[in-house]
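Residue numbers (the numbering used here): 551 to 875.
A virtual CB, placed ideally from N, CA and C, is assigned to each residue, including glycine.
Bear in mind the structure is a predicted one, so any value in this text is a computation, not a measurement.
Here is the structure we will look at, set down as structure tokens.
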Amino acid sequence: MSLNSLLETAKVVSLPLRQKFRGVTHREMVLFEGNNGFAEWSPFLEYEAEDAAVWLSAAIEWANGKLPNIQREYVEVNATLPAVAPQNVATSLAPYGAFETVKIKVAEPGQDLNDDLQRIWQVRRLHPKAKIRLDANGGWSVAEAVALAGAMVENGVPIEYLEQPCASIGELAELRVIFKRNGFQIKVAADESVRKVDDPQAVVLAGAADVLVLKAAPLGGVNRALHIAAESGLACAVSSALESSVGLAMGLHLAASLPDFGLAAGLGTAALLAADLTEEPLLPVNGELVVRRVNPSPRLLAEHAASPERRDWWLDRLAAAHALF
Ligand SMILES: [Mg+2]
551 MSLNSLLETA KVVSLPLRQK FRGVTHREMV LFEGNNGFAE WSPFLEYEAE
601 DAAVWLSAAI EWANGKLPNI QREYVEVNAT LPAVAPQNVA TSLAPYGAFE
651 TVKIKVAEPG QDLNDDLQRI WQVRRLHPKA KIRLDANGGW SVAEAVALAG
701 AMVENGVPIE YLEQPCASIG ELAELRVIFK RNGFQIKVAA DESVRKVDDP
751 QAVVLAGAAD VLVLKAAPLG GVNRALHIAA ESGLACAVSS ALESSVGLAM
801 GLHLAASLPD FGLAAGLGTA ALLAADLTEE PLLPVNGELV VRRVNPSPRL
851 LAEHAASPER RDWWLDRLAA AHALF
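Take a look at the structure:
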């Protein structure tokens with residue numbers, strides 16, 4: 551799509567979050583329309599033009615490209631719990647309703663292992679049967695990850711996997727060796743090590759992960775993410791990047807196009823938004839989402855329009871990203 555055709559339908563919006571996430575209180579994004587319908591372009595604010603361009607190719611594919619056939623019409627999704635205090639766990643999980651799997655954010659800057667444990671114990675008290683994923687966003691040292699994993703094993707906590715427990719591929723590989731040596735049946739999932747690197751297969755070749763976390767937008771689209779999954783030969787879990795329901799629908803299509811790995815997708819995150827762009831947000835019912843495209847409602851696009859300054863900032867950014875094509 552040419553820049554002009556993008557700008558013709560482009561709307562810049564700002565959606566309030568229920569609570570601060572990744573340091574922001576609002577999620578800003580650009581929506582534009584192609585032959586398939588609307589797409590969302592929402593690279594995180596701090597991302598450089600090169601990364602923003604990858605997100606743009608994903609959005610253009612979703613708006614105008616050829617998409618793979620889906621394999622199923624429902625996708626199981628997990629609840630996502632930000633790094634909240636134990637007394638806020640129930641409120642944060644309430645919008646998800648029933649779920650079998652919960653992803654708990656850990657290793658938040660300014661918190662320690664004890665904060666993580668208190669949050670995990672509270673989830674265990676409220677949802678004793680839930681499978682648990684811990685997402686450290688690369689925030690732990692190998693020693694900290696081993697300590698936390700040890701506490702989980704000791705207390706019989708059903709950990710589905712640790713998501714990006716440490717920052718580097720080398721550390722992830724080391725951790726897997728230590729887990730094996732200690733007899734810990736805990737899997738390691740790679741997230742940042744798949745999408746923030748030049749070669750998404752490097753983590754696979756290093757034997758550093760059991761599971762890959764795939765996000766359609768940062769990986770350049772549904773087709774490219776599917777290709778990465780097939781090449782890796784590993785189980786994959788699809789996740790989101792705090793999109794509106796318009797963007798989540800792209801992740802949902804990816805999840806529905808993959809083989810069934812029995813891993814819930816992190817696509818229930820419309821629950822983290824205090825407002826969405828459709829009257830029918832992609833909110834899970836009984837832990838599942840129906841696979842469908844979502845187009846924004848004109849009323850909600852207008853209601854959540856970004857300020858003129860932010861609009862100009864985003865449209866300049868769009869031009870800069872598009873220029874890299
Ligand atoms: Mg993650």
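Residue j beta carbon less than 8 Å from that of residue i
i      : j      : result
Met702 : Ala613 : no
Phe594 : Arg568 : no
Leu832 : Ser795 : yes
Leu827 : Ser847 : yes
Val627 : Ile654 : no
Ile682 : Glu650 : no
Ala635 : Val652 : no
Ala560 : Val580 : yes
Ala799 : Arg843 : yes
Ala756 : Ala723 : yes
Ala767 : Ala608 : yes
His803 : Leu606 : no
Val753 : Ile719 : yes
Leu684 : Val727 : no
Gly747 : Leu712 : Gly is not the amino acid found at residue 747; the sequence shown has Val there. The answer is no: Cβ separation not under 8 Å.
Ser789 : Gly812 : no
Ala699 : Ile736 : yes
Leu556 : Leu851 : no
Glu793 : Glu578 : no
Per-residue burial, residue i [other beta carbons within 10 Å of its own, 16 or more giving buried]
i      : result
Phe582 : buried
Phe875 : exposed
Pro566 : exposed
Val840 : exposed
Asp749 : exposed
Glu598 : exposed
Ser807 : buried
Glu829 : exposed
Gln714 : buried
Asp741 : buried
Gly660 : exposed
Thr641 : exposed
Lys765 : buried
Ala648 : exposed
Pro708 : exposed
Tyr780 : Note on residue identity: the sequence assigns Ala, not Tyr, to residue 780. With fewer than 16 Cβ atoms within 10 Å of its Cβ, Ala780 is classed as exposed.
Asp810 : exposed
Residue i - DSSP class collapsed to helix/strand/coil
i      : result
Phe729 : helix
Leu617 : coil
Pro678 : coil
Ser564 : strand
Asp748 : coil
Ile736 : coil
Arg572 : coil
Glu742 : helix
Ala785 : strand
Arg774 : helix
Glu623 : coil
Leu762 : strand
Leu755 : helix
Leu684 : strand
Scan the segment 574-607 and note each continuous beta strand (DSSP E) run of 3 residues or more that stays entirely inside, going in chain order.
Entirely contained in the segment 574-607, the beta strand (DSSP E) runs reaching 3 residues are, in chain order, 574-584, 587-591.
Completely contained beta strand (DSSP E) runs for the segment 694-725, where each covers 3 or more residues:
Assignment of beta strand (DSSP E) within the segment 694-725, counting only whole runs of 3 or more residues, yields 709-713 in chain order.
Every unbroken beta strand (DSSP E) inside the segment 789-872 [3 residues or more]:
DSSP runs (the beta strand (DSSP E)) wholly in the segment 789-872: 838-840.
Go through the segment 630-678 residue by residue and report every complete run of the alpha helix (DSSP H) that reaches 4 residues or more, in order.
Within the segment 630-678, the complete alpha helix (DSSP H) runs of at least 4 residues are 639-643, 663-676.
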